[in-house]
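Below you'll find the structure, written out as structure tokens, and then a few comments.
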Amino acid sequence: MLPRDFDRIARASFSHVLAPHGFSCEASARCTFYRKVSEEAWHFIFPDMRFHKPVYEVRVFFSSPAIDPEFSQKFPDDLGIPLDTHSVLRIKHGVSHTPSVFSCATKQAFMTAFEKAVESALLMEAIPFLDRIRSVSDMLPYIRHPYFAENARVYLGAGSKQ
60 MLPRDFDRIA
70 RASFSHVLAP
80 HGFSCEASAR
90 CTFYRKVSEE
100 AWHFIFPDMR
110 FHKPVYEVRV
120 FFSSPAIDPE
130 FSQKFPDDLG
140 IPLDTHSVLR
150 IKHGVSHTPS
160 VFSCATKQAF
170 MTAFEKAVES
180 ALLMEAIPFL
190 DRIRSVSDML
200 PYIRHPYFAE
210 NARVYLGAGS
220 KQ
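Written out as structure tokens, the structure reads:
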């Protein structure tokens, strides 16, 4: 499957599940879904197709203009991920560093994997994980990337609005 075909199919499938939870991918050139939950917190979910194999994983993370000075320039497709490698969806284990991978060799393979595993994992694992993150102080325990962790500490030390 070509990347543009993947994005088209993934955009439609993920929209069906994520739109009722406030996610959009309108500003994305690819297939990055996002929602703003507060002045400090944004949530992101996107299917990430691998280059050399017909599979994809699902990235789940949060970000904030308060911890990423380039947020507005890189939104939504090119943001850094504060969770670093701990931002992939793993079936029945939530968001971690070990991804579940899903076939996308064909449209049918994509749809089968989405219907059997991805859809429920989004609803049961990804969205509940993100629902806990509504501020920079909520983010801090999950941030793994040192750059974002330092920016969060500076922001919180400067007296964020909570």
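Under the numbering used here, think of the first position of the sequence shown as 60, with each following residue one higher.
Heads up, the beta-carbon is just placed ideally off N, CA and C, and yes, glycines get one too.
Taking the straight line between their C-alpha atoms, what separation do you get for GLU85 and ARG94? In the sequence shown, the residue the question calls residue 85 occupies position 26. In the sequence shown, the residue the question calls residue 94 occupies position 35. Separation of GLU85 and ARG94 (C-alpha to C-alpha, rounded to the nearest whole angstrom) is 11 Å.
Express the C-alpha separation of LEU181 and VAL213 in angstroms, rounding to a whole number.
-> The residue labelled residue 213 in the question sits at position 154 within the sequence shown. The residue labelled residue 181 in the question sits at position 122 within the sequence shown. A straight-line Cα-Cα distance of about 32 Å links VAL213 and LEU181.
Tell me the residue span of the beta strand (DSSP E) that contains PRO124. As a first step, residue 124 is located in the sequence shown; it is residue number 65 there, counting from the start. Per DSSP, PRO124 belongs to no beta strand (DSSP E) and is neither H nor E.
task = Could you have a look at HIS156 and say whether DSSP puts it in helix, strand or coil?
result = Working through the sequence shown from its first residue, we reach residue 156 at position 97. In this structure, HIS156 counts as coil in the three-state DSSP scheme.
Could you give the first and the last residue of the continuous alpha helix (DSSP H) run that contains PRO205? As a first step, residue 205 must be located in the sequence shown, where it is residue number 146. 205-216 is the span of the alpha helix (DSSP H), which, as asked, contains PRO205.
>> Along the chain, where does the beta strand (DSSP E) containing ASP197 start, and where does it finish?
In response: The sequence position of residue 197 within the sequence shown is 138, counting from 1. Taken as a continuous stretch (DSSP letters only), ASP197 belongs to no beta strand (DSSP E), being part of the alpha helix (DSSP H) at 195-198.
Identity of the residue in THR157, GLY81 and SER87 nearest ALA69 by Cα: The sequence position of residue 69 within the sequence shown is 10, counting from 1. Selected option, being the one with the closest Cα: SER87.
Since I believe PRO106 is in contact with VAL52 (beta carbons under 8 Å), could you give me their beta-carbon distance rounded to a whole number of angstroms?
Because residue 52 is not part of the residues shown, which for the chain are 60 to 221, the question remains open.
- prompt: Just to confirm, are ILE140 and PHE110 a CB contact at a threshold of 8 Å?
  reply: In the sequence shown, the residue the question calls residue 140 occupies position 81. In the sequence shown, the residue the question calls residue 110 occupies position 51. Their beta carbons are not under 8 Å apart, which means ILE140 does not touch PHE110 by this criterion.
Outcome for LYS220 when other beta-carbon atoms lying within 10 angstroms are tallied against a minimum of 16:
Walking along the sequence shown from the start, residue 220 turns up at place 161. In this predicted model, LYS220 has a pLDDT of only 49, less than 50, meaning its place in the structure is not dependable; the value taken from the coordinates is given anyway. Classification of LYS220: exposed, given that the 10 Å Cβ count is below 16.
query: Which one or two residues does DSSP pair with ILE140 in a beta bridge?
result: On the sequence shown, residue 140 is found 81 positions in, with the first residue counted as 1. In the DSSP assignment, no residue is bridged to ILE140.
- Message: For LEU189, report the span of its alpha helix (DSSP H) as first-last.
- Response: Taking the first residue of the sequence shown as position 1, residue 189 is located at position 130. Taken as a continuous stretch (DSSP letters only), the alpha helix (DSSP H) holding LEU189 covers 186-190.
query: Distance, Cα to Cα, SER123 vs TRP101?
result: Indexing the sequence shown from 1 puts residue 123 at position 64. Indexing the sequence shown from 1 puts residue 101 at position 42. A straight-line Cα-Cα distance of about 6 Å links SER123 and TRP101.
Report the option in VAL147, VAL114, VAL154 and PHE130 whose CA atom is closest to the CA atom of ARG11.
Lying outside 60 to 221, the shown extent of the chain, residue 11 is not represented and no answer is given.
request  = Provide the residue(s) that pair with PRO106 in DSSP beta bridges, ordered along the chain.
outcome  = Here residue 106 refers to the residue found at position 47 of the sequence shown. Partner(s): VAL117.
Are the CB atoms of ASP127 and LEU142 nearer to each other than 8 Å? Taking the sequence shown and counting its residues from 1, the one referred to as residue 127 is at position 68. Taking the sequence shown and counting its residues from 1, the one referred to as residue 142 is at position 83. The Cβ-Cβ distance between ASP127 and LEU142 does not fall below 8 Å.
| said: Using only CA atoms, which one of ARG203, LEU199 and PRO205 lies nearest to GLU99? | reply: Position 40 of the sequence shown holds residue 99. Of ARG203, LEU199 and PRO205, the residue nearest in Cα terms is LEU199.
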